[in-house]
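Enquirer: Heads up: the sequence lines are chains P and V, in that order.
Number 188 in the numbering used here belongs to position 188 of the first sequence; there are no gaps in the numbering.
Number 655 in the numbering used here belongs to position 176 of the second sequence; there are no gaps in the numbering.
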Amino acid sequence: MINPPFSLPRRELLRRASTGFGMMAMSGLLGLEQARGAAQKSVPGLGLPNFRPRAKQVIFCYMSGGVSHLDSFDPKPKLREMHGQPMPVKVERTQFNNNGNIFGSPFDFHPGGQSGIPISDLFPYLRQHCADELAVIRSMTSPVNEHAQGNIFFHTGFPFIGHPSAGAWTIYGLGSANENLPGYVVLKSGEAATPHGGVGQWSSGYLPAQHQASIIQVDGAEPIRNIVPREPDLIQRSRLDFIRQVDQEFSRSNQHPDEVEAAIHNYETAYRMQSAVPELCDLRDESTATKELYGFSSPNVMTRAYAQQALLARRLVERGVRFVEMTCLPQTPGGGQGPNPWDQHGGLETGHRNMAQQVDQPIAGLLRDLKSRGLLDETLVIWAGEFGRTPFSQGSDGRDHNPFGFSIWLAGAGVRGGSIYGETDEFGYHVVDGKTSVYDLWATVLHLMGLNHDKLTFRHGGRDFRLTDVHGHVLHDVI
Amino acid sequence: MKTSPTPGNGLAGSFRTTFRFPAWTIPCWVFHLTLLGRAFAADLPADQVEFFESRIRPILAQECYECHNSRGDEKGGLNLDHRSAWQKGGNTGPVIVPGDPGASLLLKSIRHEEADLEMPKAGAKLDDRIIADFTKWIELGAPDPRDEPPSAEQLASDTDWEAIRTRRQGWWSFQPIVNPAIPNATGVTHPVDRFIRAKLATEGLKPAPAADPRTLLRRLHFTLAGLPPTLAETQSFLAAWERDRTAAVENRIDGLLAAPTFGERWARHWMDWTRYADSHGSEGDPAIPYAWRYRDYLIRALNADIPYDQLVREHLAGDLLESPRINESLALNESAIGLGHLRMVYHGFAPTDVLDERVRFTDDQIDTVSKAFLGLTVSCARCHNHKFDAISQADYYAMFGIFTSSLPATVTVDAPGVLEKNREALIEEKARIKQAVADHWIANLASVPTAWNPLLEKPSDEKGIVSFLQKIRALGEDRPAIARLWTETSDALKKEQSATEALKASDAVKIWWDFSDPAEAKRWTGFGLGLSPARSSPAGEFTLALDGARLFDRILPAGSYTHGISSRDAGLLASEPLLLDDEYDLYVDVAGDGSSFRYAVQHYPRSGTVFPVKNLEGGAWKQEKFDRLDYWKGDSIHLEFATAPDAPVLAKDAERSWFGVRDAILVKKGSPAPTHAAQEYLAPLFDRGDALVPQTLDEALARYAQTLRETILHWRTNDGTFSDEEALFLQSSIEGGLLLNSLEGLPADLLAAHQQYASLESQIPVATRAPGLHEQKGIDQALYVQGSHKQPGEIIPRRFLEAIDRTPYATTGSGRLEFAGDLLRSDNPFTARVIVNRLWSYLFEKGLVTTVDNFGRLGESPSHPELLDHLAYRFREEQGWSIKTLIRDLLLTETWQQDGLVTDDSESLDPENRWLSHYPMRRLDAEAIRDSFLAVSGQLDPQLFGPPVEGTSNRRSLYVRVNRNTLDPLLTTFDFPTPVSAVGRRDATNVPAQSLTLLNDPFIIEQAGLWVKKTPGENPEAMIRQLYETALTRSPSESELEQARAFVESIEVERGADQRRFSELSTEQNRREADLAAILEPIRRTLLSELRSPTPSGVSPADAFEPLSMWTFDQDLHDGRGQLHGTSVGSTGIVEGALRVTGDGFVASAPLDQDLAEKTIAAVVQLDALDQRGGGVMTVQDLQGGIFDSIVIGERREKHWLSGSDNFTRTLDFEGMEESEAVGTPIHLAFTYESDGTIRAYRNGEPYGKSIRKAPLHTFKAGQAQVLFGLRHGKAPSGNRTLRGQILEARLFDRALTPAEARALTSGNGQFVSEREILNALNPTHKTEKVRLETEIKEIRLEMEILRRRGAGEADPSKAWRDLAHAIFNFKEFLYLR
């Protein structure tokens, strides 16, 4: 009758309840050590993983708007050769139907790391420092050609709201490893906006509500809605103690209904979250060197803002938060297009340069920091947008959406760093080898987390639903 | 409460993925082998073969073959499709041990005794009868005549759908509703109680005693009204209870059923079933126009207790009912509004695979309707026959055809006759006017040719006939040149016309829709009064100008028009569907104003990148071309023209609009344009047989005058032969001023007739709109093989579910009407059972069938099947489908009125309270929680109905906007459902976010404060009593009193220290401010007295304050001081030196070029109306439009100025006077924002109300913020944010002006001395003193700010009481219903 996370034995609950919020306040102020302690007191999901997991946490760098694979991780010299010529193959329906000629990438590619995987000049930090960590998948596809449904599909496996997001499925399957922090966190900073499609892409759908994402505005006065007490702590604790007294009497006179007991218990968690979240967002104890690594002193204000998310992502996984998603900011301050900042239908060169500059150093910094702390082995980092972009131009200098073949990469959790999987045709238009679906990606991610994607199900509306619907194969060649 | 995963969910256990057999089964293998010898088909006794064939083979085939077969699918290594295969066993051994059911894993698996091996996989357990058959079969030695794997034919017959369906129809919910005998039970008489008590007795349980009156009253109020009882209601109920318990309860039930709050409460339940939403979701999340009308319809219907069967009919076919339900008092066709839910689908944005989108949103309708009304998951049969229920894939596509045969639409829902007001009179008047005008023109023709001379002398920027005549005039006396011009123009015109004729006859034309042909126009679907009665008007139709100056608006060629009588009339014109089998261009000859047209692909109603919509403005004829249709080759489109408010999604809220269309032509891509000749209007001049070619201007004018006379006479005859050319000839003559069209100088009778027309027309009401469908010709849908819309298969006729009746509908319409009938037919057992179960579930926390939306195999079986049938039978046969009757009946049961106390027995025997031995406790739903805060605090605005409101409103929660992408955070925290599918049972989760919300949400804290302010209390005890009574419907006990008092006292102590320090600081601050004034004021006075001379002319004293930016709106939106020049968004205008905004536009400035923290915004404004709500005069906002400070009229209180801010973050009421003058005269408003967050308002220079301070100042960042005029905030005109009025000038300062400055800003008398002047006049000592005092004041303010953040501030002794009130809001007793 009550949520699994809070189904403590009643006696235990009552015993703990008697300690009062004064004690709670103490424990709430113990900082990271305390948080790590809490991390051991995990909040269970369905139980143990199906098999031994390689990844404990996921960080999802979502490149909303659709990054051009042709300008980042999938070099196509043919496009430069044929620049300005008409596409010699059939052109599929595009979103703007304003198709121009072949558009060679304005960016040069160079091999990175020992593996030598080619990365464009858009990502100098990743290329220089992290190439050997990246397992690039050049054969991703999506059935959706527009942002809102593309985003929702990428997150939930269905192109419209109402279904649980991958993060929610993960917490549902594995539980959360930190009682004081939400298990599934979406980070924002500065002007970062919710990608098209709305918060439904981060929802728990039909899964129990505690699995939905909590949005943390990293640099906000109130990082999580209603997390900041509106009064001095002393007064709040007085009120909490008073409420608890009354509630316990109510619960007792009604024979301790489970749901009431759980609701009473929730105040403890809420109270602890009030200090755990600000502590989490307080970056003062991070060294200058660490901050530099992430790009805190970048001349680009958007880079600095994204760097805060990246650093917070590390702090979250350190605290056992299972699924962290980072959100891009617009190209420039006040630049608009917040929900789809990578979406350069025109001005691709400038736009992509701005966007890459925003995320390159912070993500590279994150990978290096995770690695140096030994966290990369147990943390899977995913980098992806909802689709790629066309090899031909839109108008004179943009690219339209291309869901028929695009690139994403994985890093950490023992994936095959410095590898390339799959292949698009010579124009980078369609996949010709190793065709991969978003279902395959999630099947793989769940697999790395020790979950069997076709067994992670939830019965709803007369059907057993899965993150991978009726599809999905684990990409064993990548991991 | 559904909080834990349902059994069967989740990780199917552990690491095992294959069959696993206990070791002890192995020895049996030997026994098993011995049986093999006689297991050949030929050896089997006939009765065993017969048993296998009739009872076992069908089940194996239907339930097992799919995963265990010889065609490549052997899950777990097991194949069950022939004997030797299963004898081989699965991966780890045999599953059937002949003769030994106990050892046969197959049996354990179908009995669901083996975790992780429950079969059929992901399905419901097989019927007990079938399991018994299998047990018997194995006992018999598993006789199996299947020597070989099944052939294709054999398989087809084994898995025959008819047989499967027939078997599945054995499921309980498919059985007819019976009227079961009512069991005997001691001590109770009510049939429901007898059913419940009988079962309790069987289960060995005792019922709980009756609930006490306060508990019962609270339960009644939340159940029926969704609100707690008021103190007065409680008192009166308790008094009545003392007199007569039964009567008291009955009266209260009747009172609550009769109150309008009943409809509000239960409409919200209903809205869950039909996934009510105000927006479509996806990118842009566009509003569903008028969605709220459907919500209001539900409230009215439930309050009026409209029978459920009627409402079901209306939900499917309200637009098609022979005698619709008319609401006389509101003059509405209620029935037509019932369709609204069919439009509440989720829509994607600009999908390139648009057929996929159509399939998806049609599926959305099927899913919702089938779950809501039938409790069946028909949607599960989209790709294949239903996996568990007797629903075929064909059933799905039969329904698909029904729903996809209507167009998504905005419909008018006025009662018949309402919009037809004055129509006959207008038609008659118009005919009279036509005759009179023609006479008037003819009578004046004799004198006109000389009157034309001035026209011809005008500089030649004219068009049409005047231009042609001017060209002739320009040729002077050159007779050959004039003749040549005449002939060449004539020839060119004829050439153009013949080219078009040639094209018309050519292969290039796919379709030529000619709206001058009534037969052609009739083939189109036309809706709205504007297109009725004639969908095609002949040439010479005309419209009258109602602008008070002109006579005619225009004379029209033949075509379809919506504004023949009035431009208020609605109109929508839609073509038949058209498959784009090739690449085409589309040309449309069209005119209109405010309306729009488009081609819709696959019924997709939104606009988007590849879904162009053309807006019509100005009324001139033009030929519009769509040249990207090649993109949609292979898809089906239709053309759609719509007046402004009548488009399905892109509806605009305009009272007047119209369109007219002459033709629409589809030609092969790249063909020449099939245009009407450019100078068509000249044709009557040339088309005169052998008349001589004019060679002088006089001859030409004579020819024109003669043609004009004949054309007018022809027009007057109404003989049906009047041509388009003639109509355009007259129109061009009017436009060129060649024909009289001014009201001035009209004969009195004609003028009177025209005025009469205008007067009658002005009385036509504006239509009431609602989301709906337009019925079109029904089209049967092809089944999509495996659900792929790229693989259409067999055509499925529109019909009902084959389990009930598979007869195709004999209708040319969509079939919705027939479908509604089938939902209600007496042999359909679902509809009645589903609704009584739904109603039951809201009264008893869960349904008799707990899966209220699913009565299929994956749903739960009823706990009390006979009771369910009893209720369904009575509801349908005896209670006339009356929802109120059923609810009343159930509330009067002892079962409902029993206490919530759990007996020891029931806790152990029935922990889920399935047998209802006590009343189930539950948390209030989201709406009841939010509404309770408002009700208890006394803030609840009881207004019924209307457009949606924001979550910050004091209206009830069901009026809060349901935008799919941005659902209200407070409500969603408490499990408000995502509106995507029928939800008959809400979750009631327990998450920390709920505690955080209850603890820290400003809305809740504000309500607590307001509650305390409203609560009178002579002394603490009385106060506490009052608070407890109001919130909990009971008095506090003595110990609770003490507890609460102690709490308040402790808080007072804690808050007191802060407050004392704050008061000290406040005194200090005042003292220093007085000291400062003592220095400055004398100087100011001196300087003022020196200001004898008038200010230099043209310099307003206000300019002396050096605003950052200043807009005078003299001619444009230029910033006269800075760089914040404005841009118009939507429709605005500069009219006589003022910015005019009318509600559909606003002005936005360039981004700020510096940070702006402290500031003053000031504007001179005149309003169009005082009753407008929420319009912004001047705003500073971030570029996203989410954070803002604004001068707002009437947002929270009518006719009051408000410093608007994001979610009222910085807003409190100024409590200024009611605005009464701003319509007649401009007023000056200045809002100042000080560094500590204080906001002051000045109206015409005088302080407006009191200063406010709620939150710190917001800093707007350079480059990330802007100024708006005419919009409260945002990026587009929307809702109630736009202002109607004019802004005469505006200023922006980067500091908070002082009161003196604010006064001087408006005074215009020059009596102002600037701070700088004062500073310059100070002596050095005073200067030093001034700096010191200012520094100290600053420090004091800083400390006060810190204290303020901790809750100190206004010396408010009620703070501690607010803390108590806030605590009560957190009591579980407040949030849980017993």
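Here a beta-carbon is modelled for each residue, glycine too, at the ideal position from N, C-alpha and C.
Let me know the secondary structure DSSP gives N1849 (chain V) once reduced to three states.
Expert: It is helical.
Enquirer: To the nearest whole angstrom, what separates the beta carbons of Y1083 (chain V) and L1065 (chain V), a pair I think is in contact under 8 Å?
Expert: Actually they do not touch by this definition, with Cβ atoms about 16 Å apart.
Enquirer: Could you give the C-beta distance for F741 (chain V) and L781 (chain V), rounded to a whole number, given that I count them as a contact under 8 Å?
Expert: About 7 Å separates the two Cβ atoms, so the contact holds.
Enquirer: In its own chain, which residues sit with a C-beta less than 7 Å from the C-beta of H129 (chain P), not counting the 5 before and 5 after it?
Expert: Excluding positions up to five away in sequence, the list reads A364, R368.
Enquirer: Among P:A262, P:R225, P:Q217, P:R230, which residue has its Cα nearest to the Cα of L312 (chain P)?
Expert: The residue with the shortest Cα to Cα distance from L312 (chain P) is P:Q217.
Enquirer: Taking the Cβ atom as the reference point for each residue, do D757 (chain V) and A746 (chain V) lie within a distance shorter than 8 Å?
Expert: No; because the gap between Cβ atoms is not below 8 Å, this pair is not in contact.
Enquirer: From N1788 (chain V) to A1781 (chain V), what distance separates their C-alpha atoms?
Expert: Bear in mind that a pLDDT of 44 at N1788 (chain V), under 50, signals an unreliable position, so the model cannot answer this.
Enquirer: Does the beta-carbon distance from G346 (chain P) to G395 (chain P) come in below 8 Å?
Expert: Yes, they are a contact pair.
Enquirer: Below 8 Å, can you find three or more Cβ-Cβ pairs linking the stretch 1369–1382 of chain V to the stretch 1396–1408 of chain V?
Expert: The stretch 1369–1382 of chain V vs the stretch 1396–1408 of chain V: in contact.
Enquirer: Out of V:R1820, V:Y1352, V:K1851, V:Y1110, point me to the one whose CA is closest to E1543 (chain V)'s CA.
Expert: The candidate whose alpha carbon is nearest that of E1543 (chain V) is V:R1820.
Enquirer: Quick one: what does DSSP say Q654 (chain V) is sitting in, helix, strand or coil?
Expert: Looking at Q654 (chain V) - three-state DSSP - the assignment turns out to be coil, as it is neither helix nor strand.
Enquirer: Determine the closest residue to S995 (chain V) out of V:R1188, V:F1201, V:F1165, with distance taken between C-alpha atoms.
Expert: It is V:F1201.
Enquirer: Please list the residues of the stretch 250–263 of chain P that have a C-beta atom closer than 8 Å to any C-beta atom in chain V, keeping them in chain order.
Expert: Answer in chain order: F250, S251, N254, Q255, P257, E259, V260, A262, A263.
Enquirer: Use the C-beta contact count for I1718 (chain V): other C-beta atoms within 10 angstroms, 16 or more gives buried, fewer gives exposed.
Expert: Classification for I1718 (chain V): buried.
Enquirer: Under three-state DSSP, which class holds F107 (chain P)?
Expert: It is coil, neither helix nor strand.
Enquirer: Quick check: L855 (chain V) and F1309 (chain V), are their CB atoms within less than 8 Å of each other?
Expert: In this structure, F1309 (chain V) lies closer than 8 Å to L855 (chain V) by Cβ.
Enquirer: What does M878 (chain V) touch in chain P if you count any residue whose Cβ is under 8 Å from its own?
Expert: Those do not exist, as M878 (chain V) stays about 16 Å from chain P at its closest Cβ, beyond 8 Å.
Enquirer: May I ask you to report which of helix, strand or coil DSSP gives F158 (chain P)?
Expert: Looking at F158 (chain P) - three-state DSSP - the assignment turns out to be coil, as it is neither helix nor strand.
Enquirer: Do F404 (chain P) and T94 (chain P) have their C-beta atoms within less than 8 Å of each other?
Expert: Not closer than 8 Å, so no.
Enquirer: Using the three-state DSSP reduction, which class does W1375 (chain V) fall into: helix, strand or coil?
Expert: In this structure, W1375 (chain V) counts as helix in the three-state DSSP scheme.
Enquirer: Could you list which residues in chain P have their beta carbon closer than 7 Å to that of E1852 (chain V), in chain order?
Expert: Result: F250.
Enquirer: Over what stretch of residues does the beta strand (DSSP E) that includes M82 (chain P) continue unbroken?
Expert: Segment: none, M82 (chain P) is in no beta strand (DSSP E) and carries neither H nor E.
Enquirer: Check whether chain P comes within 8 Å of P1448 (chain V), counting only Cβ atoms and requiring the distance to be less than that.
Expert: Yes, P1448 (chain V) counts as interfacial toward chain P.
Enquirer: Decide if the stretch 461–477 of chain P is in contact with the stretch 848–862 of chain V; the criterion is three or more beta carbon pairs, one per stretch, under 8 Å apart.
Expert: Yes, they touch.
Enquirer: Strictly under 8 Å for the Cβ-Cβ distance: is I235 (chain P) near chain V by that measure?
Expert: So, interface residue.
Enquirer: Interface residues of chain V around M273 (chain P) at Cβ under 8 Å?
Expert: P1471, L1475, listed in chain order.
Enquirer: Check whether the Cβ atoms of A1769 (chain V) and M1657 (chain V) sit closer than 8 Å, and answer yes or no.
Expert: Yes. Within cutoff.
Enquirer: With a Cβ-Cβ cutoff of 8 Å, do T436 (chain P) and D74 (chain P) count as a contact?
Expert: Contact flag unset, no.
Enquirer: Quick one: which unbroken beta strand (DSSP E) runs of 3-plus residues sit fully inside the stretch 573–597 of chain V? Chain order, please.
Expert: Within the stretch 573–597 of chain V, no complete beta strand (DSSP E) run reaches 3 residues.
Enquirer: Starting from E242 (chain P), trace the alpha helix (DSSP H) in both directions and tell me its first and last residue.
Expert: A small correction: the amino acid at residue 242 (chain P) is Phe; Glu does not occupy that position in the sequence shown. Segment 233–253, the alpha helix (DSSP H) holding F242 (chain P).
Enquirer: Excluding the 5 residues preceding and the 5 following A1880 (chain V) in the sequence, name in chain order all residues of the same chain whose CB lies nearer than 7 Å to its CB.
Expert: Any property of residue 1880 (chain V) remains undetermined from this structure, which presents chain V solely from 480 to 1857.
Enquirer: Which residues of chain P have a Cβ atom closer than 8 Å to the Cβ of M1400 (chain V), listed in chain order?
Expert: Here the neighbours are N254, P257, E259, V260.
Enquirer: Could you tell me whether the Cβ of E1822 (chain V) comes closer than 8 Å to any Cβ of chain P?
Expert: By this cut-off, E1822 (chain V) is not an interface position.
Enquirer: Does the stretch 1244–1260 of chain V come into contact with the stretch 818–837 of chain V, if we say contact requires no fewer than three beta-carbon pairs (one atom in each stretch) closer than 8 Å?
Expert: The stretch 1244–1260 of chain V is in contact with the stretch 818–837 of chain V.
Enquirer: My assumption, with CB atoms under 8 Å, is that A1049 (chain V) sits in contact with A1070 (chain V). Please give the rounded CB distance.
Expert: Rounded, the Cβ-Cβ distance is 17 Å, inconsistent with contact.
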